[in-house]
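Working notes, beginning with the structure itself.
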Amino acid sequence: MSHLLEVKNLEVRFALRFGDLTAIDGVSFTLDKGERLGLVGESGAGKSVTGFAIINLISKPGYISRGHILFDGENLAELPGEKMRDIRGNRISMIFQDPMMTLNPVLTIGTQMCETLMAHRNISRKQAEAVALEKLRKVYISSPEQRLSQYPHEFSGGMRQRIVIAIALLTDPALIIADEPTTALDVTIQAEIMDLLLELCASEDMGLILITHDLGVVSRVTEKIAVMYAGKIVESGPTENIITDPLHPYTKGLIRALPDPERRGQGERLQQIPGTMPTLTALPRGCSFHPRCEIKGGICEKEIPESRAVKGQKREVACHMAENPSPPPVYEREGA
Amino acid sequence: MFAFSIKRISQALFVMLIISFIGFSIRQQIGDPVRDLVGIRVSVEEREILRDKLGLNDPFAVQYIRFLGNALKGDLGHSFFFKKPTLEVILSKAPATLELVFVSSLLIIFMSIPLGIFAAIRPRHWFSRFSMGASIVGVSIPVFLTAILLIYIFSVELQWLPSYGRGETVNIGGWQSGLLTWDGLQHLILPSIALSSIMLPLFIRLIRSEMMEVLQSEYIKFAWAKGLRRRRIWFIHAFKNTLLPVITVGGVQLGILIAYTILTETVFQWQGMGFMFLEAVERSDTSLLVAYMVVVGALFVVVNTIVDLIYGLVNPMVRVTGRK
Ligand SMILES: Nc1ncnc2c1ncn2[C@@H]1O[C@H](COP(=O)(O)OP(=O)(O)OP(=O)(O)O)[C@@H](O)[C@H]1O
Ligand SMILES: [Mg+2]
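Sequences listed follow chains C and G, in order.
Start counting the first sequence at 4; every next residue gets the next number (the numbering used here).
Start counting the second sequence at 1216; every next residue gets the next number (the numbering used here).
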């Protein structure tokens, strides 16, 4: 069976004054119909750029310099403007990080919902409103009829993100890309929104790419994980394998930095990965991670590690030193 | 909206109070109403008696209150040159100025919006670069120079358009209008172009920079991600948000246009309030000057209040604070 989405060797560059900067460097992954993938990594790793590349909407000096994005048998990296427009917000929807900034402050919710439908379907405003109401109910917005004529500022952050999700659902897309959909929200409603998203993806059989730097969230929501570091995917595979048995030292570090729900409140210190991610303009030779790596060897400073399959598992890791099979995980996590 | 309107109107009244105070102080300092009334041939003693009678020796505050009371009744003093109430003189000149400002504002609005939007969405296009460059030149040329250049080209050399006066006007209920005759409109063309020449570049740049900022915002990115057509994104999503700051700044600028009429009207011999003002300066017609100040101040305040109310209509957040 062919995949819903197949990203292959994707490379994104930004044309800057002093030359090109490679923000995404040979990223590959696949997603099947209804499958959920978590894209994890530190700030600046290239998660958002990857997400925007999929809908061919990288902001100005950026461009896709190599690779394909096969979606439904078409290469989105080369799709002409009007055809691409009709895929955005229709077959592939996006949810942004900060719901306070995502909705246009001077247009009503009704307008912002109906225009999306009317940009892709040949329907009247009345018909569009009916669909909008149905989707608002799906995200548990009360008395949706009145909401249509209200403006974004009349809603709380959590409500706005529900509305943004409702907008994403309008056209029954095959894929939703959610770029840190809960980071800007109150901790108390983060789980609520994430559960809603999970529930909707499952019930509508939608694919999801969840971009986040929170491995904890990903382990709850997605079936697959791809860990990004400095523009590359360093490790990918089924969520359970990666959480319980990380191979790449960076993934291990991320998991060690997770708070353990069982030991919370007992004064246990979280372990941080020492150092920071290098800027893309000054990447170290060899493996980008080696300056922070605990298990680095001589080869790491010379050669860029290729992504390689892990024997007997459906996962890949890009590390010279990662043992296989690996030592036991740092601590047990249940229900991953 | 109601509470908002009340707030704005009381602010406007407060500003008017300050303007009237300044105007009154000026008249106290340099004007001599007795001379205005009787001329200089009357003896000092007689003038002193007259001063007492007119209350001119009363304390400042008492006189100011009296001035305010009169002003509220529409009495802003007497012009010693025209031998008429100053308000009457000004009102007879107002239509000329208001029509000039009105046509200039239309020119500014209908030129700057398309030019500003184009420069914002196609910043690298040669035409955007050209209009940005031209706008720098435009702001730096003084109005009277523009006016003289226009007259030289279109009146003297090409002889297409008249160079001075209002031409044929029609009287509609006391309002002398030049907008309704072909001749009157032709006379309006050069002065209104000259008057708009200072503000037009400012507006183009303002719209361009505001719109470019809006185009960077998250909600515009989201609009693209929704797969909207670009015309809708530019003209509905981006432009509506651009309008908010443009209305605030632009409203004030259009008010300032009234001040520039003094220069424009003088060059074009345009029989409006600005022309009258310069004449009044030459004749030391203090009462008329003060009345001009109060009337223009009032106009300015009215324009600003209207602008704020329009802002309230465009910005949904203002409407809600009013509703609460
Ligand atoms: N407009 C741009 N111009 C130049 N470089 C850019 C631009 N946008 C992104 N980049 C580069 O791409 C890199 C990846 O950015 P991206 O926004 O994808 O990070 P991210 O993983 O989403 O991080 P975060 O968690 O902070 O959202 C950045 O480090 C930056 O160097
Ligand atoms: Mg990001």
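Positions of the beta carbon are idealized from the N, C-alpha and C atoms, including for glycine.
Keep in mind that this is a model prediction, so the values were computed, not measured.
Check: residue i C-beta below 6 Å from any heavy atom of ligand 2
i: S1432 (chain G); result: no
i: K50 (chain C); result: yes
Beta-carbon separation (whole angstroms), residue i vs residue j, contact threshold 8 Å
i: F32 (chain C); j: L24 (chain C); result: Actually they are not in contact, since the Cβ atoms of F32 (chain C) and L24 (chain C) sit about 22 Å apart, beyond 8 Å.
i: T1312 (chain G); j: L1503 (chain G); result: About 15 Å; that fails the 8 Å criterion.
i: P155 (chain C); j: P108 (chain C); result: 6 Å
i: L201 (chain C); j: L120 (chain C); result: That belief does not hold up - the Cβ atoms of L201 (chain C) and L120 (chain C) are roughly 24 Å apart, past 8 Å.
i: V1354 (chain G); j: I1280 (chain G); result: Incorrect: roughly 44 Å between the Cβ atoms, too far for contact.
i: V52 (chain C); j: I236 (chain C); result: Going by Cβ atoms, the distance from V52 (chain C) to I236 (chain C) rounds to 13 Å, so no, they are not a contact pair.
i: G1292 (chain G); j: A1506 (chain G); result: 6 Å
i: I245 (chain C); j: A260 (chain C); result: That pair is no contact at about 15 Å.
i: L203 (chain C); j: K141 (chain C); result: 7 Å
i: G37 (chain C); j: D208 (chain C); result: 4 Å
i: A135 (chain C); j: M116 (chain C); result: 4 Å
Check whether residue i and residue j have beta carbons under 7 Å apart
i: T1463 (chain G); j: A1227 (chain G); result: no
i: M103 (chain C); j: G160 (chain C); result: yes
i: P234 (chain C); j: I27 (chain C); result: Correcting the residue type first, residue 234 (chain C) is Gly in the shown sequence and not Pro. Yes. Within cutoff.
i: T242 (chain C); j: T225 (chain C); result: yes
i: L1405 (chain G); j: L1365 (chain G); result: yes
i: L7 (chain C); j: G210 (chain C); result: yes
i: R91 (chain C); j: I58 (chain C); result: yes
i: R1242 (chain G); j: T1501 (chain G); result: yes
i: S1320 (chain G); j: L1469 (chain G); result: yes
i: I61 (chain C); j: V10 (chain C); result: no
i: T324 (chain C); j: I298 (chain C); result: This sequence places Met at residue 324 (chain C); Thr is not what is there. Taking 7 Å as the Cβ cut-off, M324 (chain C) and I298 (chain C) qualify as a contacting pair.
i: L2 (chain C); j: I95 (chain C); result: Residue 2 (chain C) lies beyond the stretch modelled for chain C, which goes from 4 to 339, so this question has no answer here.
i: R1498 (chain G); j: F1219 (chain G); result: no
i: M1326 (chain G); j: L1415 (chain G); result: yes
i: F99 (chain C); j: F1450 (chain G); result: no
i: Y1475 (chain G); j: V1316 (chain G); result: no
i: V1510 (chain G); j: I1305 (chain G); result: yes
i: R1381 (chain G); j: G1389 (chain G); result: no
i: D101 (chain C); j: A187 (chain C); result: yes
i: L1373 (chain G); j: Q1401 (chain G); result: no
i: I166 (chain C); j: I126 (chain C); result: no
i: G1466 (chain G); j: V1429 (chain G); result: no
Buried versus exposed call for residue i [16 or more other C-beta atoms within 10 Å across all chains shown]
i: K1539 (chain G); result: Since pLDDT at K1539 (chain G) reaches only 32, below the 50 mark, its modelled position is unreliable, and the value read off the structure follows with that caveat. Label assigned to K1539 (chain G): exposed.
i: T340 (chain C); result: A query on residue 340 (chain C) cannot be resolved here, the shown segment of chain C reaching from 4 to 339 and no further.
i: K1222 (chain G); result: exposed
i: G1442 (chain G); result: buried
i: G65 (chain C); result: buried
i: I1233 (chain G); result: exposed
i: Q1486 (chain G); result: buried
i: A205 (chain C); result: exposed
i: A80 (chain C); result: buried
i: P83 (chain C); result: exposed
i: H1340 (chain G); result: exposed
i: I302 (chain C); result: exposed
i: T349 (chain C); result: This structure leaves residue 349 (chain C) out entirely; chain C is present only between 4 and 339.
i: R1344 (chain G); result: exposed
i: W1439 (chain G); result: buried
i: K317 (chain C); result: exposed
i: V220 (chain C); result: buried
i: L1493 (chain G); result: exposed
i: E1425 (chain G); result: buried
i: S152 (chain C); result: exposed
i: E335 (chain C); result: The pLDDT assigned to E335 (chain C) is 46, lower than 50, so where the model puts this residue is not dependable; a value taken from the coordinates is nonetheless given after this. Per the 10 Å Cβ criterion, exposed.
Residue i: CB within 6 Å of a non-hydrogen atom of ligand 1
i: A26 (chain C); result: yes
i: F21 (chain C); result: no
i: G1465 (chain G); result: no
i: F3 (chain C); result: Nothing about residue 3 (chain C) can be reported from this structure: the residues present for chain C run from 4 to 339 only.
i: S239 (chain C); result: no
i: G47 (chain C); result: yes
i: S62 (chain C); result: yes
i: L13 (chain C); result: no
i: L1469 (chain G); result: no
i: L1287 (chain G); result: no
i: L283 (chain C); result: yes
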